[in-house]
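In what follows, a single structure is set out as structure tokens and then discussed.
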Amino acid sequence: MGDGILIKSMTGYGRGESCAAGRKFIVELKSVNNRFCEVILRQPKTLSQIEDKIKKRIQERVARGRVDGYISIEETGETTPEVKVDKALAVAYHKAMEELRGCLGISEAISIKDIIALPNVITLEQPAENVDEWLAAIEQATDQALDGLLAMRQTEGERLTADILQRAAAIKRLMVEDVAARAPLVVQEYRDKLSQRLAEWLTGGVIDEARLAAEVAIFAERADIAEEIVRLQSHLQQLEQILTEGGPVGRKLDFLVQEMNREINTIGSKANDLVITNAVVNAKSELEKIREQVQNIE
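Put into structure tokens, the structure is as follows:
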């Protein structure tokens, strides 16, 4: 491929992870074919404020395709929770316990253990979440996932390119070579058959050569597929050139396949010959498979 720019498929998967602030951030990316670049992210609500930044980061490296991203957070156990003491609540508990002790005539002293065992006197709180501090780690995990995604898309793109070129070569052999060679023979066979029929109708008569030549000329003009063959050959050359240049070329290829289909259909409609008709059927089968492959190219 030219200048190291390769054809990429729109299908791929990548995964990345990074740690920061006692948490592990896991990013998974899956992509499928789509007319445009569409990024759908699913992440915890705490990450909503950085969603657009992550989307933009993905869009900078993906030209086409629907990318579904999944961001998850795992605690690594490295965070130290903060101990909170509700002093006012402890005082209230102590006062209430003293009143109850006096009311019941209990002489046993109230210990600190008794108070801290009561609900909400001592609580553990996780450190405040600072999403901005997480951003660099999430971006790192995203880049790692993108590297894997794009590597898979590139590998699949190479396979698609090889398959398309192979099928394009088959179409060239069928239409540009075999059909082009067959076309002149069709006119000659028509002339021979027409001459034979006229001879049978005109038993003992003389065939009007001028009339025969005129009829053959009309047939030859109606069945002429030279222009379609030339255009189809040009389209095949463009197809190979586009694949060689690489880059995001899916839309170009899609248009080109439509044009190739139009030329093959025209050749089929003009053909009054079983050999050419069979070649057209086989070429359309190969072109349909190319069309399916092109739908997956970025």
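First residue of the sequence shown? That's 1 in UniProt numbering, and the numbers climb one at a time after it.
For each residue, glycine too, the CB sits at the ideal point set by N, CA and C.
Keep in mind it's a predicted model, so treat the numbers as computed, not measured.
Less than 8 Å between the CB atoms is what I'm expecting for Arg61 and Leu150, so what's the real figure, rounded? 7 Å
Counting only the same chain and skipping the five closest in sequence on each side, list residues whose C-beta sits under 7 Å from that of Leu118. Tyr93
What's the gap between the Cα of Ser31 and the Cα of Gly12? 5 Å
Suppose only complete runs of 4+ residues qualify. What are the alpha helix (DSSP H) ranges in the segment 89-169, listed by chain order? 112-116
Alpha-carbon to alpha-carbon, Gln166 and Ala283: 12 Å
Would you identify the three-state DSSP class for Ile54, choosing helix, strand or coil? helix
Leu239 to Leu256 span [Cα, whole Å]: 7 Å
Entirely enclosed alpha helix (DSSP H) segments - the segment 15-69, minimum 4 residues: 51-59
Below 8 Å on the Cβ atoms is my guess for Gly65 versus Cys37; work out the distance and round it to an integer in Å. 7 Å
Pair within 8 Å by beta-carbon distance, Lys24 and Thr76: yes
Between the Cα of Ser48 and those of Leu135, Ile242, Ser285, Gly247, spot the shortest distance and give me the residue it belongs to. Leu135
Buried/exposed call for Ile106, threshold 16 Cβ in 10 Å: exposed
Would you call the segment 163-181 and the segment 44-59 in contact, with 3 or more CB pairs under 8 Å? no
Measure the beta-carbon distance from Val179 to Ala63 and round it to whole angstroms, keeping in mind my assumption that it falls under 8 Å. With 8 Å as the limit, Val179 and Ala63 do not qualify as a contact, their Cβ atoms being about 37 Å apart.
Which value, in whole angstroms, describes the spacing of the CA atoms of Ile115 and Ala90? 6 Å
I'd like the list of long-range same chain contacts for Glu74, defined as Cβ closer than 6 Å, with 5 residues on each side in sequence excluded. Lys24
Met10 classed as buried or exposed, judged by whether at least 16 other C-beta atoms fall within 10 angstroms: buried
Let me know if Ala109 comes out buried or exposed under the rule of 16 or more other beta-carbons within 10 Å of its beta-carbon. exposed
In the segment 215-298, which residue ranges form an unbroken alpha helix (DSSP H) of at least 4 residues, counting only runs that do not cross its ends? 226-245, 250-270, 274-294
Looking only at its chain, what residues have a beta carbon closer than 8 Å to the beta carbon of Asp143, apart from the 5 residues adjacent to it on each side? Gly16, Arg57
Given that a residue counts as buried once 16 or more other Cβ atoms are within 10 Å of its Cβ, and exposed if not, what is Ile50? buried
Below 8 Å between beta carbons: does that hold for Ala145 and Ala20? no
Round the Cβ separation of Lys252 and Gly157 to the nearest angstrom and send it over; I've been treating them as touching at under 8 Å. No, Lys252 and Gly157 are not in contact; Cβ-Cβ is about 15 Å, not under 8 Å.
Excluding sequence positions up to five away, which residues of its chain have a Cβ less than 8 Å from the Cβ of His235? Leu256, Glu259, Met260, Glu263
Taking a contact to mean a Cβ-Cβ separation below 8 Å, would you say Arg182 touches Asp52 in this structure? no
Return the bridge partner residues of Ile71 from the DSSP annotation. Val27
Taking the alpha carbon of Lys172 as the reference point, which residue from Leu243, Leu232, Gln295 has its own alpha carbon closest? Leu232
Among all the DSSP beta bridges, which residues are the ones paired with Glu82? Glu125
Rounded to the nearest angstrom, how far is the Cβ of Thr123 from that of Lys84, given a contact under 8 Å? 5 Å
Would you kindly work out how many angstroms separate the C-alpha atoms of Leu160 and Glu227, rounded to a whole number? 30 Å
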